[in-house]
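Numbering (the UniProt record's numbering), first residue to last: 1 to 184.
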């Protein structure tokens, strides 16, 4: 039998020890939360918005001044917004390359450059066409393989249709050895 539910034989009683005779006496112990706290009032210092400072201030003038500065800043941003992009006419001569001649005497080179560019563009188109053909071929192969797998799953997935591959199975319930031993 367990002893957990039985009452104590000798219950604990207070007031029997030294200085415990009078249970109504005040205790000498106290909590730190019972101690006095926040016993001094803090006053605002200069610059913290004292009542004297607030009395001498003109709030209307301050508000109007702040609104005027914001309005001026907004107007400056609108004016400078139109000139954010430098015009080509304004490019200084210092930005020009010193090695490049100012005259357009190199017309032969420009036509050669145009021919080279045309050849490069034709080569690029050829490469793009080859890549597109290769991708189309790979996609077609992938689609054929997926279709083959799908049809195979359809054909082999139903056991009722797989009569030729049917393995002879025994549907008798086998007896366990435990039943054999215990039933003898």
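Glycine residues also receive a C-beta, built at the ideal position from the N, C-alpha and C atoms.
### Message
In whole angstroms, give me the CA-to-CA distance for residue 142 and residue 78.
### Response
59 Å
### Message
Does residue 58 come out as helix, strand or coil in the three-state DSSP assignment?
### Response
coil
#### Entry: Assigned secondary structure, residue 47 (DSSP; H/G/I helix, E/B strand, else coil)
coil
### Query
With distances taken between CB atoms, is the gap from residue 44 to residue 50 smaller than 8 Å?
yes
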